[in-house]
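Those protein sequences? They're chains A and B, same order as listed.
Those letters in the first sequence? Residues -11 to 176, per our numbering, in order.
Those letters in the second sequence? Residues 26 to 414, per our numbering, in order.
Beta carbons are placed, not taken as given, at the ideal position from N, Cα and C, and that holds for glycine.
Take a look at the structure below.
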Amino acid sequence: MNRNQRFEIRIAGFGGQGVVTIGKILGIAFSIHGGRNSVNTQSYGPESRGGACRSEVVVSDGEINYPYVRKADVLVALSQVALDTYLEDVKVGAIIIIDPQAIKNVPAPERFRLYPVPTLAIAHEIGDVKYQNTAALGALYAFIAEMIREFDLVQALRENVPIATVDRNVAAFEKGKKFVQSTFVLEK
Amino acid sequence: MSPNRTDLILPPGAHYLQGSQACAEGAITAGCRVYAGYPITPATEIMEHAAHRLPQVGGRFIQMEDEIGSASALLGASWAGAKAMTATSSPGFSLMQEVISFAIMTETPLVIVDVQRPGPGQGYITTSQEDVMQARWGHHGEGSIIALSPASVQDMFDFTLEAFNLSERWRTPVLLMAEETVAHMRERLVVPSRDEIQIVNRTRPKDLGIAPESYLPYGHAEVPPMAVWGEGYAVNHVSLVHHTDGNVTRYNSSVHLENVSRIHRKIEDHVDEIARIETRWLEGCRHLLVCYGSVSRTGVEAVLEAREQRNIPLAFIRLKTLWPFPERQLRAIVPEVDTIFVPEMNLGMMKHPITEALRDRCRRVVSIPSLGSLHSPELILDRICEELA
């Protein structure tokens, strides 16, 4: 990432899926542990009604002026509504991570690269649907590994989930990451 | 009250906080130990954080019955010697105007945060800058006001701290005119070391060696020293027109003029000390963009893109202080330009004092409004290109 270049991440789903939590964890990992600048915002007002939920992280080594995502480099969509809503607002060549169980209507990957990751299934393996968000975070990490140290991200994860759930959250992160690394050939 | 635990204020170093949390932490760092409030979207997170944190540092949190009660409670807390604050959003800010006027006249230091949302009426719950005129002119009667406009999480900490310092220094209510945008975003906040943080406390009569028997509650200085209950001084808080001794029965028009003029002048004669602006690329500019609050983040981005991609010689000015309006400072630095653009999250409010200050320096002033959401850089840039085409 060049100086002053923005990297924009958008995570979207339904309220309760933990998209706000992983947005905040990413923000902390980049800014506090990783030494970059980041702004984290979350859906609010009209768009947060009806259960839809969105979290954004803008990352840069320079000053971050406009605080919101303009065109996402990465979109994590955990619901069909989320994908349909934000598909238009991604950069050409963007990485889109979807959960195949939630998203049945999959668009043809023309302007972007689409990666189905079974985050919900991983969460069930770990023992609770509430770990879907950290499974998605692990999957996301696999795509942005050159931007952030895994140690920094896991550290931020550990510090920002309830103590009793730390081990299972880290396990979900690990499974999400491994799924991506073992399933897809990642382009540089 | 439990002991004041200055060891439990936010430690120096990097923190990743929401603007609302940074605001409450800035207040606590400044020495605020009383928060009285009533919840309202999108200001509630400040209250929640204050409710959580104030008891830890030996302060008091009170949920009041409404916004008038909330602001009024600050008067009593301040008269008892505490630094006190509340936070609300636009409809609640309307209700607080009576107390703001009372605090101006009684010269009571207190801090009110308005996390602005769109109006009129209940309007909406998103972001706004529609109260910037109400901040200055909403209270009845004469008297000036100090109002600051934060644009980042760091500002939410720094400007809240500064708001307390200004209120103590000038014995006056200070308004932090925040917006939903800046109150809800999370960013890194860097808290400086304790010895780098300047804390201002109000001057008391004993600081000036004034004996209780010769103390004048509204005398001695342009900003009168303020006595606290229980120290042996006559504590007399008067919102009727008063003499320097607080007497209200010997009314005449010259006393009236002297009383209210001093309260007005103690702010307006010191604009250069109080108000701050930020400038970029003024040298050789042909056009100028003036903004404040979170719009200045979009604004600076739009100016950068206009300069780099469209070759437009556009300069940038951010008003960090809205009131007192820094007219003299602007006139001292702004050269002759063609167009001044003023993007605001209202239909054109600060455009008016900007026009008044710079009308002989430009051909025209163009408002770029957005209601309910922060301008995108494209919105500002497209409008600039359209106007200059």
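Task: Where the beta strand (DSSP E) through residue 312(B) begins and ends - done: On the second sequence, position 287 is the one that residue 312(B) refers to. DSSP places residue 312(B) in the uninterrupted beta strand (DSSP E) bounded by 312 to 317.
Open item on the list: Considering only the alpha carbon of each residue, which of 71(A), 8(A), 81(A) lies closest to residue 240(A)?
Closed with: The structure shown has nothing for residue 240(A), since chain A only spans -11 to 176.
Open item on the list: Within 8 angstroms of any Cβ in chain A, is that where the Cβ of residue 39(B) sits?
Closed with: The count along the second sequence starts at 1 and reaches residue 39(B) at position 14. Yes, residue 39(B) lies at the interface with chain A (some Cβ there is under 8 angstroms from its Cβ).
- [ ] Can you check DSSP and say which residues form a bridge with residue 1(A)?
- [x] Taking the first sequence and counting its residues from 1, one reaches residue 1(A) at position 13. As DSSP reads the structure, residue 1(A) sits in a beta bridge with 41(A).
Open item on the list: Does the CB of residue 323(B) have a neighbour CB from chain A at under 8 angstroms?
Closed with: Position 298 of the second sequence, counted from the start, is the residue given in the question as residue 323(B). Yes, residue 323(B) counts as interfacial toward chain A.
TODO: Classify residue 85(B) as helix, strand or coil using the three-state DSSP reduction.
DONE: Taking the first residue of the second sequence as 1, we reach residue 85(B) at position 60. It is a strand residue.
Open item on the list: Just to check my reading of the structure: residue 89(A) and residue 109(A) have Cβ atoms closer than 8 angstroms, yes? What is that Cβ distance to the nearest angstrom?
Closed with: By 1-based counting over the first sequence, the position of residue 89(A) is 101. By 1-based counting over the first sequence, the position of residue 109(A) is 121. Yes, they are in contact, since the Cβ atoms of residue 89(A) and residue 109(A) sit about 7 angstroms apart, within 8 angstroms.
Open item on the list: What does the alpha-carbon distance come out to for the pair residue 340(B) and residue 65(B)?
Closed with: Stepping through the second sequence from its first residue, residue 340(B) is reached at position 315. Stepping through the second sequence from its first residue, residue 65(B) is reached at position 40. C-alpha separation (whole angstroms): 37 angstroms.
TODO: Pick helix, strand or coil for residue 99(B), following the three-state DSSP scheme.
DONE: Counted from its first residue, the second sequence places residue 99(B) at position 74. Three-state result, residue 99(B): helix.
TODO: Scan the stretch 204 to 215 of chain B for residues whose Cβ lies nearer than 9 angstroms to a Cβ of chain A and list them as they occur along the chain.
DONE: Those would be 205, 206, 207, 209, 210, 211, 212, 213, in chain order.
Task: CB of residue -3(A) within 8 angstroms of CB of residue 45(A), strictly - done: By one-based count along the first sequence, residue -3(A) stands at place 9. By one-based count along the first sequence, residue 45(A) stands at place 57. Against a cut-off of 8 angstroms, the Cβ pair of residue 45(A) and residue -3(A) comes out as a contact.
Open item on the list: Less than 8 angstroms between the beta carbons of residue 78(B) and residue 348(B), yes or no?
Closed with: Translated into the one-based positions of the second sequence, residue 78(B) becomes position 53. Translated into the one-based positions of the second sequence, residue 348(B) becomes position 323. Between residue 78(B) and residue 348(B), the CB-CB gap reaches or exceeds 8 angstroms.
- [ ] Tell me, to the nearest whole angstrom, how far the beta carbon of residue 125(A) is from that of residue 13(A); I am working on the premise that it is less than 8 angstroms.
- [x] Your numbering for residue 125(A) matches position 137 in the first sequence. Your numbering for residue 13(A) matches position 25 in the first sequence. Yes, they are in contact, since the Cβ atoms of residue 125(A) and residue 13(A) sit about 7 angstroms apart, within 8 angstroms.
- [ ] For the stretch 6 to 36 of chain A, enumerate the residues whose C-beta is nearer than 8 angstroms to any C-beta of chain B, in chain order.
- [x] Across the stretch 6 to 36 of chain A, CB contacts with chain B closer than 8 angstroms involve 12, 15, 16, 19, 20, 25, 26, 27, 28, 29, 30, 32, 33, 34, in sequence order along the chain.
- [ ] Determine the chain B residues that contact residue 55(A) at a beta-carbon separation under 9 angstroms, and present them in chain order.
- [x] Walking along the first sequence from the start, residue 55(A) turns up at place 67. Per Cβ cutoff of 9 angstroms: 177, 206, 207, 210, 212, 319, 322, 323, 399.
TODO: Compute the Euclidean distance between the alpha carbons of residue 362(B) and residue 386(B), then round it to the nearest angstrom.
DONE: Looking up residue 362(B) in the second sequence gives position 337. Looking up residue 386(B) in the second sequence gives position 361. Taking the CA atoms as reference points, residue 362(B) sits about 6 angstroms from residue 386(B).
Task: Neighbour-count burial assignment, residue 215(B), 16 or more Cβ in a 10 Å radius - done: Within the second sequence, the letter at position 190 stands for residue 215(B). Classification for residue 215(B): exposed.
Open item on the list: With a threshold of 7 angstroms (Cβ to nearest heavy atom), would residue 45(A) be considered close to the ligand SAH?
Closed with: Absent from the structure shown: the ligand SAH. Ligands present: none.
Open item on the list: Against chain B, does residue -3(A) count as a neighbour if the rule is that its beta carbon must be under 8 angstroms from one of theirs?
Closed with: Taking the first sequence and counting its residues from 1, the one referred to as residue -3(A) is at position 9. Residue -3(A) does not count as touching chain B.
- [ ] Would you identify the three-state DSSP class for residue 117(A), choosing helix, strand or coil?
- [x] Here residue 117(A) refers to the residue found at position 129 when the first sequence is read from its first residue. Secondary structure of residue 117(A) (DSSP, three-state): helix.
Open item on the list: When you compare the stretch 393 to 404 of chain B with the stretch 368 to 375 of chain B, are there three or more beta-carbon pairs, one atom per stretch, that lie closer than 8 angstroms?
Closed with: Yes: the two stretches touch, three or more of their Cβ pairs being nearer than 8 angstroms.
Task: Closest residue to residue 398(B) among 226(B), 142(B), 291(B) (Cα-Cα distance) - done: In the second sequence, counting from the first residue as 1, residue 398(B) sits at position 373. It is 142(B).
Open item on the list: What does DSSP give as the partner residue(s) for residue 85(A) in the beta ladder?
Closed with: As a position in the first sequence, residue 85(A) is number 97, starting the count at 1. By DSSP's assignment, residue 85(A) forms a beta bridge with 64(A), 103(A).
Open item on the list: Taking the straight line between their C-alpha atoms, what separation do you get for residue 172(A) and residue 326(B)?
Closed with: Along the first sequence, read from residue 1 onward, the residue named residue 172(A) stands at position 184. Along the second sequence, read from residue 1 onward, the residue named residue 326(B) stands at position 301. A straight line joining the alpha-carbon of residue 172(A) with that of residue 326(B) spans about 37 angstroms.
- [ ] For residue 233(B), name the three-state secondary structure that DSSP assigns.
- [x] Locating residue 233(B) in the second sequence gives position 208, counting from the first residue. Annotated three-state conformation of residue 233(B) is helix, per DSSP.
TODO: Starting from the Cα of residue 253(B), find the closest Cα among 283(B), 414(B), 134(B) and give me that residue.
DONE: Taking the second sequence and counting its residues from 1, the one referred to as residue 253(B) is at position 228. Put simply, of 283(B), 414(B), 134(B) the residue whose alpha carbon is nearest the alpha carbon of residue 253(B) is 134(B).
- [ ] Following the continuous alpha helix (DSSP H) through residue 26(A), name the residue where it begins and the one where it ends.
- [x] Your numbering for residue 26(A) matches position 38 in the first sequence. It is not in any alpha helix (DSSP H) - residue 26(A) instead sits in the beta strand (DSSP E) that spans 25 to 30.
- [ ] List in chain order: all unbroken alpha helix (DSSP H) runs of 4+ residues lying wholly within the stretch 162 to 236 of chain B.
- [x] Within the stretch 162 to 236 of chain B, the alpha helix (DSSP H) runs of at least 4 residues that lie entirely inside it are, in chain order, 178 to 195, 205 to 209.
Task: Host beta strand (DSSP E) of residue 61(B) (start-end) - done: Taking the first residue of the second sequence as 1, we reach residue 61(B) at position 36. For residue 61(B), the uninterrupted beta strand (DSSP E) segment begins and ends at 57 to 62.
- [ ] State the start and end residues of the unbroken beta strand (DSSP E) segment that holds residue 38(B).
- [x] As a first step, residue 38(B) is located in the second sequence; it is residue number 13 there, counting from the start. Start and end: 38 to 43.
TODO: Could you tell me whether the Cβ atoms of residue 263(B) and residue 271(B) are closer together than 8 angstroms?
DONE: As a working mapping, residue 263(B) is identified with position 238 in the second sequence. As a working mapping, residue 271(B) is identified with position 246 in the second sequence. Cβ distance < 8 angstroms, so residue 263(B) and residue 271(B) count as in contact.
Open item on the list: Between which two residues does the alpha helix (DSSP H) holding residue 143(A) run?
Closed with: As a first step, residue 143(A) must be located in the first sequence, where it is residue number 155. Annotation: the continuous alpha helix (DSSP H) that includes residue 143(A) extends over 138 to 147.
Task: Proximal residues of chain A, C-beta to C-beta of residue 368(B) below 9 angstroms - done: The count along the second sequence starts at 1 and reaches residue 368(B) at position 343. What residue 368(B) touches in chain A, judged by beta-carbon distance under 9 angstroms, is nothing: the nearest beta carbon there is about 12 angstroms away.
Open item on the list: Buried or exposed for residue 111(B), going by 16 or more other Cβ atoms inside 10 Å?
Closed with: Indexing the second sequence from 1 puts residue 111(B) at position 86. Classification of residue 111(B): buried, given that the 10 Å Cβ count is 16 or more.
Task: First through last residue of the beta strand (DSSP E) which encompasses residue 302(B) - done: Sequence index remark: in the second sequence, residue 302(B) carries index 277 (1-based). Annotation for residue 302(B): the continuous beta strand (DSSP E) segment containing it runs 302 to 305.
- [ ] Could you check if residue 39(B) is buried or exposed, using at least 16 other CB atoms within 10 Å of its CB as the buried criterion?
- [x] Indexing the second sequence from 1 puts residue 39(B) at position 14. Exposed: under 16 other Cβ atoms inside 10 Å.
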